[in-house]
Amino acid sequence: MASTETPDGHTESEALASLGRYAGPATLMLSSLADGPKHGYALTKDIEQFAGVHVAPGTMYEALARLERQGLIEPLESVDRRRPYRLTAEGALALRAHLHAQRQVAEVGLRRLDSTPGLA
Amino acid sequence: MIDPAEAASRRAERLVRCYPRAWRVRYGEEFTQFLADDIAERPHSVTRTADVLRSGTLARVTYAGLAGDALEPQQQMRAGLGVVGLSASAFLAAGVAIWSQLAIGWQWSSPATTATKVGMLMMSGAILAFVLAAVLAALPLAWVTLRELVSGDRRRLVLPLIAVSVGTFVLVTGSIHFGQHGWPGTRGHPWSGRGLVPGSVARFAWAATLSITSYWAHPGRLASFPAAEIAWMLLSPLALAAAVIGAATTFRRLPLEPRVLRFESWLGLTAAIVMVGFLTGASSWVISNGPDPHSLFRVGLIDFLGVTVMAAALTLAYRAAHRTLGASRRHTPTT
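Line order of the protein sequences matches chains Y and S.
Take the first sequence: its letter number 116 is residue 124 in my numbering, and every next letter is one higher.
Take the second sequence: its letter number 120 is residue 1410 in my numbering, and every next letter is one higher.
Here's what the structure looks like:
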């Protein structure tokens, strides 16, 4: 599969990893936006529901600004002072690549745990 | 009774003030609403307040050009140069206070220790280099300012230029006046003493930094000062602040071409290097601890404080200058 680049020059598989300590919240946010646009508060509620994690407002907007700068999400028109964001095509590619890599790690880890005597 | 939604909105607005204005222009409204929704659901959350304070502080550091990559190269250069200018001003205020004390001492007699002599020579050389760098930095800015006043948007520049003019006028005339009427130097012909620098320069520097003194910690002794001198000690820092803030605002509002910003960036780094020379000289004197407790060259607690302020200002200026040059390289089109 040909690799595309985000506006700041990262390939799709590097895009989320390049966010450093924001990679965790960014993955949760992109996953939340995968089923449609959401504003900040709706994002936190959705993430709480599917991941059991509360992303604090300041941290949320730091990650959100980085994702926007990388072109992985884009803002829509504000409704009632609440601005929704949606996943871009680059964002969808980056999220898919990142989740595939995470799944691979999870599968290897689980397989090894299952095959190790005393840990299975 | 206040409506809970209204109260949540007010608290959210207060919290959003932690962020810099440029950030608030882009995200302020939506973030305020987000916070108001969160506050309405969880009225009391120390974690949320701490997170917003941390994030707001980080945004301020970022928008000052000292961290992160949120700014465009041109914004980064402007913000960084602003920090270099403000840091250099703080450095000079603390540094000139020390230097003028030694310059006055040298009017009476040559320093007894080599460390003090070498330190004083280094500081004096650094001040000359500072003056040269400041003139070079001011020339293109003065030209652009003049051009804007003649044919550009002069309304945005009027207030900050008034602040620069009034602040500088008060500082210069006041320093000349108090230098002539109160200084502890030889009072003789400017070149008559054994001083390293002309007496007129030493007394001007002494009067301009009269407010930087340990007498503030000794109100009883301060009360014995003439009322006019105490008034000057209160007024001069305000005049300096007006001049520096006015200059920084003027700089921010000038339409500057990338090549001017690049030139200023190099001068910013030069200023940081000059600061290293000055700080080394001042530290050499402070560490040597002066010749005897009653000499004009003796080191006091205020001097340790001054060196600490200079070290902090130098750290900020170097970081800002380094990042400004980095942004300048990113901004240069490659062929």
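We treat Cβ as the ideally placed atom computed from N, Cα and C, and that holds for glycine.
The structure displayed is predicted, hence computed values, not measured ones.
Straight-line spacing of the CA atoms in Ala1533 of chain S and Pro1430 of chain S works out to 18 Å.
Cα atoms of Gly48 of chain Y and Leu1551 of chain S: separation of roughly 37 Å, rounded to the nearest angstrom. By the rule that beta-carbons nearer than 7 Å mark a contact, Thr35 of chain Y does not touch chain S. The residues Val1534 and Ala1538, in chain order, have a CB closer than 7 Å to that of Leu1376 of chain S in the same chain once the five nearest residues on each side in sequence are set aside. For a Cβ distance threshold of 7 Å, nothing in chain Y lies close to Leu1615 of chain S: the least Cβ distance comes to about 20 Å.
The alpha-carbon of Glu1547 of chain S is positioned some 14 Å away from that of Ala1617 of chain S. Residue ranges of uninterrupted alpha helix (DSSP H) with 4 or more members, entirely inside the stretch 13-99 of chain Y and ordered along the chain, are 20-23, 31-41, 48-59 and 65-77. Non-local C-beta neighbours of Pro45 of chain Y in its own chain, meaning closer than 7 Å and more than five positions away in sequence, comprise Leu84, Pro92, Tyr93 and Arg94, ordered along the chain. Within the same chain, Cβ atoms closer than 7 Å to the Cβ of Thr1570 of chain S are found at Met1412, the five residues on either side in sequence being excluded. For Asp1328 of chain S, the uninterrupted alpha helix (DSSP H) run begins and ends at Arg1311 to Glu1331, by DSSP.
Contact between Phe1420 of chain S and Ser1465 of chain S does not hold, since their C-beta atoms are separated by about 17 Å, which reaches or exceeds 8 Å. Of all residues in the stretch 1326-1345 of chain S, those with a C-beta nearer than 9 Å to a C-beta of chain Y are Ala1326, Asp1327, Asp1328, Glu1331, Ser1335, Thr1337, Arg1338, Ala1340, Asp1341, Val1342, Leu1343, Arg1344 and Ser1345, reading in chain order. Between Ala1572 of chain S and the set S:Ser1390, S:Ala1312, S:Arg1304 and S:Ala1357, the nearest pair of CA atoms involves S:Ser1390. At a cut-off of 7 Å between beta-carbon atoms, Glu1320 of chain S makes contact with chain Y. The beta-carbon of Ala102 of chain Y is placed no less than 7 Å from the nearest beta-carbon of chain S. Listed in chain order, the beta strand (DSSP E) runs fully inside the stretch 1486-1566 of chain S amount to none, counting runs of at least 3 residues. Arg1307 of chain S sits in coil when the DSSP states are folded into three classes, being neither helix nor strand. A direct Cα-to-Cα measurement between Tyr69 of chain Y and Val1454 of chain S gives close to 38 Å. Residues Val1460 and Gly1464 of the same chain have their beta carbon placed closer than 8 Å to that of Leu1525 of chain S, with the five preceding and five following residues left out of the count.
DSSP places Ile1417 of chain S inside the alpha helix (DSSP H), whose first and last residues are Thr1404 to Ser1441. Interface criterion not met: the Cβ of Gln1365 of chain S is under 7 Å from no Cβ in chain Y. Comparing alpha-carbon positions, the option among S:Glu1320, S:Glu1331 and S:Tyr1317 lying closest to Pro1294 of chain S turns out to be S:Glu1331. At a cut-off of 7 Å between beta carbons, Phe1324 of chain S contacts chain Y. For Ala1360 of chain S, the three-state secondary structure derived from DSSP is coil. By the neighbour-count criterion, in which a residue is buried when 16 or more other Cβ atoms sit within 10 angstroms of its Cβ, Pro1509 of chain S is exposed. Ala1416 of chain S sits close to Phe1568 of chain S, with the two beta carbons spaced by under 7 Å.
Remark: three or more beta-carbon pairs, one from each stretch, lie closer than 8 Å, so the stretch 52-63 of chain Y and the stretch 26-44 of chain Y are flagged as touching. With respect to Val1374 of chain S, Ala1518 of chain S sits apart: the two C-beta atoms are not nearer than 7 Å.
Within chain S, Glu1320 and Gln1323 have C-beta atoms less than 7 Å from the C-beta of Arg90 of chain Y, given in sequence order.
In this structure the stretch 1303-1310 of chain S touches the stretch 1320-1327 of chain S; the number of beta carbon pairs closer than 8 Å is three or more. In the three-state reduction of the DSSP assignment, Ser1573 of chain S falls in the helix class, which pools H, G and I.
Pro45 of chain Y is outside the set of residues whose beta carbon lies under 7 Å from a beta carbon in chain S. Sequence-distant Cβ neighbours of Arg1620 of chain S in its own chain, meaning closer than 7 Å and more than five residues away, are Pro1363. By the criterion of a C-beta distance shorter than 8 Å, Arg1543 of chain S is surrounded in its chain by Arg1446, Leu1447 and Pro1450, once the five residues flanking it on both sides are discounted. Taking a cut-off of 8 Å on C-beta distances, the stretch 1549-1565 of chain S does not touch the stretch 1390-1404 of chain S, as fewer than three cross pairs fall below it. At a beta-carbon threshold of 9 Å, none of the residues of chain S lie near Tyr30 of chain Y; the nearest stands roughly 11 Å away.
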